[in-house]
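Trainee:
2 protein chains.
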Amino acid sequence: MSRTSTKAAPPKAAAAPKAAERILATASELFYREGARAVGVDEIVVRAGTTKPSLYRAFESKDHLIAAYLEGRSADAWSWFEKAAAAHPGDPRAQVLDYIDALSGRALKGGYRGCGLSNAAIEYPEAGHPGRKVSVKHKEKLRERLRDLTRAMGARKPRKLADSLLLIIEGVHVTSQLFGAEGPAAAARGAAETLIDAHMRGHV
Amino acid sequence: MSRTSTKAAPPKAAAAPKAAERILATASELFYREGARAVGVDEIVVRAGTTKPSLYRAFESKDHLIAAYLEGRSADAWSWFEKAAAAHPGDPRAQVLDYIDALSGRALKGGYRGCGLSNAAIEYPEAGHPGRKVSVKHKEKLRERLRDLTRAMGARKPRKLADSLLLIIEGVHVTSQLFGAEGPAAAARGAAETLIDAHMRGHV
DNA sequence: CTAGGATGTGACCGGTCGGTACGGGGCGTC
DNA sequence: GACGCCCCGTACCGACCGGTCACATCCTAG
């Protein structure tokens, strides 16, 4: 961190201080593991080594803290997505397969609790909830990105194939929570391959 | 209501009286629509036109009331399943397709909130929760039934096909909550057909 | 050294959570 | 009419919910 210019040291809004970061990190772990509704703000601040006013200075409500947590989850998911894309440049089929592979790989490990975004949408069905909005936006964008990929493959019905893959992906998320390591997630990649190949051959 | 016989009117244990039934019915609707964690016992008893002691006389705790609600959901799901089976005797492919069709049909209507059993498992990740046990048992049985069907089809890899179909089914449940009527559920039947046909041809 | 702003602190708010003790009241039976 | 049985509702419990207050403390810029 070097000194910048002599005048106007921090031009933009100050970055979040440490307490707020710890709160978000702690809340993210707790929300993911136990579900947002099951976790109280008291537990969050105690485990973050701080207190409630610090929480409410950084986040206007618990619901907005949930939204911030989900924004983080969304960013993580996109980084996985981009990583899979970067691993197979110009090969959309391998990209989506790699993404699904990574997904079911994590799903088959212990402690997996599915997709935080999907879980939150289930916990908060009310349309206006700030967290739910983040989830819905993320999933809509994912649907779009999947369509981009299936179009790039040259699939006959790219939208239908993308939706089919999305069903598989969400299926992985929930079944892994129900069945654990022996769950159907292991079948995800194979199913995705079959679906893609059938669409490429026009067998749909 | 006519008089029954003169002697020994109710020989077996008395059936649940009206209050308990109203509580279960009200709770079931509320739990499904808003999520079990979001609904308090006070709201349940008020809307059922009764009071808390009546609830706790019939159910030993809220968690057990949730379990009772999920038992009902499970029974409903099996009746849909059996209906699809009965509609196509001796044709397991048509049976499973019909079931998925019925599922996505409901999913594309308004007010759909997915599978109550899956939702509850997401809301209550703790292994010991009585409601979660009902959900897990149901889903394991569903996986078995699906395997029976794919075996009856003569699929090359019946377990893998069954798991693939289960991924689709659970995918329908969650995506319908995220996307509403325009969601990917409409692609479910087609995807299932493609998967089944590929497995029958041995293209897996 | 001083002044200001951002941060941490403990106490506290009304409301709701799941759960319970207890006392009446309807009804068929003698 | 008195009894016993079963079912129900009134009132209440301690704990915790999300959220706020006034105040102590610290860091940093000047």
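Each protein sequence line maps, in turn, to chains V and L.
Heads up: the first sequence begins at 1 in the numbering used here, then just goes up one per residue.
Heads up: the second sequence begins at 1001 in the numbering used here, then just goes up one per residue.
We treat Cβ as the ideally placed atom computed from N, Cα and C, and that holds for glycine.
The model shown is predicted, which means the values in this text are computed figures rather than measured ones.
Counting only C-beta atoms, is Leu1205(L) closer than 8 Å to chain V at any point?
Mentor: Shown here, chain L extends from 1001 to 1204; a query on residue 1205(L) therefore has no answer.
Trainee: Counting only beta-carbon separations shorter than 8 Å, does Val136(V) have a partner in chain L?
Mentor: Yes, Val136(V) lies at the interface with chain L (some Cβ there is under 8 Å from its Cβ).
Trainee: Less than 7 Å between C-beta atoms, sequence neighbours within five positions excluded: which residues of the same chain meet that for Tyr124(V)?
Mentor: Closer than 7 Å at Cβ, skipping near neighbours: Gly131, Arg132.
Trainee: Could you give the DSSP three-state label for Pro130(V): helix, strand or coil?
Mentor: Pro130(V) falls in the helix class under three-state DSSP.
Trainee: With distances taken from CA atoms, which of Ser135(V), Val134(V), Lys160(V), Ala187(V) is nearest Leu146(V)?
Mentor: Looking at the Cα atoms, Lys160(V) is the closest of the given residues.
Trainee: Tell me which residues share the same chain as Ala162(V) and place their Cβ nearer than 8 Å to its Cβ, disregarding the 5 neighbours each side in the sequence.
Mentor: So the qualifying residues of the chain are Arg143, Leu146, Arg147, Leu149, Thr150.
Trainee: I think Asp76(V) touches Ala87(V), with their Cβ atoms under 8 Å apart; what is that distance to the nearest whole Å?
Mentor: That pair is no contact at about 17 Å.
Trainee: Report the rounded CA-to-CA distance for Asp63(V) versus Arg1037(L), giving the unit in angstroms.
Mentor: Going by the C-alpha atoms only, they are around 15 Å apart.
Trainee: Note down, in chain order, each residue of its chain lying with its Cβ closer than 7 Å to the Cβ of Gln95(V), except the 5 sequence neighbours on either side.
Mentor: Taken in chain order, the residues that qualify are Ala84, Ala85, His88, Leu149.
Trainee: I'd like the span of the alpha helix (DSSP H) that includes Thr194(V), first residue to last.
Mentor: Note, Thr194(V): alpha helix (DSSP H), 188-201.
Trainee: Specify the secondary structure class of Glu21(V) as computed by DSSP and reduced to three states.
Mentor: Helix.
Trainee: Under 8 Å between C-beta atoms, does Gly171(V) make it to chain L?
Mentor: For Gly171(V), the answer is yes, since a Cβ of chain L falls inside 8 Å of its Cβ.
Trainee: With three or more beta-carbon pairs closer than 8 Å as the criterion, would you say the stretch 1027-1047 of chain L touches the stretch 187-200 of chain V?
Mentor: Counting Cβ pairs under 8 Å, fewer than three are found: no touch.
Trainee: Given Leu1117(L), which residues of its chain have a CB within under 8 Å of its CB, disregarding the five upstream and five downstream residues?
Mentor: Here the set comprises Leu1070, Arg1073, Ser1074, Ala1077, Val1134, Ser1135, His1138, Lys1139.
Trainee: Residues in the same chain with beta-carbon distance under 8 Å from Arg1047(L), minus the five sequence neighbours each way, listed in chain order, please.
Mentor: Cβ neighbours of Arg1047(L) beyond the five flanking positions: Thr1026, Leu1030.
Trainee: For Ala155(V), I'd like the list of residues in its chain whose CB is within less than 7 Å of its CB, leaving aside the five on either flank, ordered along the chain.
Mentor: Here the set comprises Leu161, His199, Met200.
Trainee: Is there a Cβ of chain L sitting closer than 8 Å to that of Ser118(V), yes or no?
Mentor: It does: the Cβ of Ser118(V) has a partner Cβ on chain L nearer than 8 Å.
Trainee: Assuming Leu1167(L) and Gly171(V) form a contact by the criterion Cβ under 8 Å, report the distance between their Cβ atoms to the nearest whole angstrom.
Mentor: Going by Cβ atoms, the distance from Leu1167(L) to Gly171(V) rounds to 3 Å, so yes, they are a contact pair.
Trainee: For Val174(V) versus Ile1100(L), is the C-beta spacing smaller than 8 Å?
Mentor: It is not a contact, given that the beta carbons lie outside the stated cut-off.
Trainee: How is the alpha helix (DSSP H) around Gly180(V) delimited, first residue to last?
Mentor: Unbroken run through Gly180(V): none, as it is neither H nor E.
Trainee: Please report the distance separating the alpha-carbon of Ala107(V) from that of Gly114(V).
Mentor: If you take the alpha carbons of Ala107(V) and Gly114(V), they lie about 7 Å apart.
Trainee: At 7 Å on the CB atoms, spell out the chain L contacts of Glu209(V), in chain order.
Mentor: This structure cannot settle anything about residue 209(V), because the visible part of chain V is limited to 1 through 204.
Trainee: Under 8 Å by Cβ, that's how I've got Lys1052(L) and Val1039(L) pegged, so tell me the actual separation to the nearest angstrom.
Mentor: Not quite, the Cβ-Cβ distance comes to about 14 Å (not below 8 Å), so this is no contact.
Trainee: Would you say Pro158(V) reaches chain L, if we count a Cβ-Cβ gap shorter than 8 Å as a contact?
Mentor: No, Pro158(V) lies away from the interface with chain L (no Cβ there is under 8 Å from its Cβ).
Trainee: If Ala1019(L) and Ser1054(L) are in contact, beta carbons under 8 Å, what's the gap, nearest whole angstrom?
Mentor: The Cβ separation is near 4 Å, so the contact holds.
Trainee: Taking Asn1119(L) as the reference, give the member of Arg1057(L), Ala1185(L), Leu1178(L), Lys1141(L) with the closest Cα.
Mentor: Measuring from the Cα of Asn1119(L), the nearest candidate turns out to be Leu1178(L).
Trainee: Comparing the CB of Ile1168(L) with every heavy atom of the ligand HEM, is any distance shorter than 7 Å?
Mentor: The model on display carries no ligand, and the ligand HEM is accordingly not part of it.
Trainee: Given that a residue counts as buried once 16 or more other Cβ atoms are within 10 Å of its Cβ, and exposed if not, what is Lys1057(L)?
Mentor: Before going further, note that residue 1057(L) is Arg rather than Lys in the sequence given. Label assigned to Arg1057(L): exposed.
Trainee: DSSP state of Thr1175(L), grouped into three classes?
Mentor: If DSSP states are grouped into helix, strand and coil, Thr1175(L) belongs with the helices.
Trainee: Go through its chain and collect everything with a Cβ distance to His1129(L)'s Cβ below 7 Å, but skip five positions before and after it.
Mentor: Only Asp1063 meet the Cβ criterion.
Trainee: Beta-carbon separation of Arg22(V) and Gly49(V) under 8 Å?
Mentor: Yes; because the gap between Cβ atoms is below 8 Å, this pair is in contact.
Trainee: Taking C-alpha atoms, which residue in Gly180(V), Ile196(V), Val45(V), Ala67(V) lies nearest to Ala1127(L)?
Mentor: Looking at the Cα atoms, Gly180(V) is the closest of the given residues.
Trainee: Please name the residue, chosen from Gly1202(L), Glu1082(L), Gly1183(L), Ser1164(L), that lies closest to Pro184(V) on a Cα-to-Cα basis.
Mentor: Closest option to Pro184(V), Cα to Cα, is Ser1164(L).
Trainee: I need the DSSP call for Arg1003(L), collapsed to helix, strand or coil.
Mentor: Note that Arg1003(L) scores a pLDDT of 31, beneath 50, so its modelled location is shaky and nothing firm can be said.
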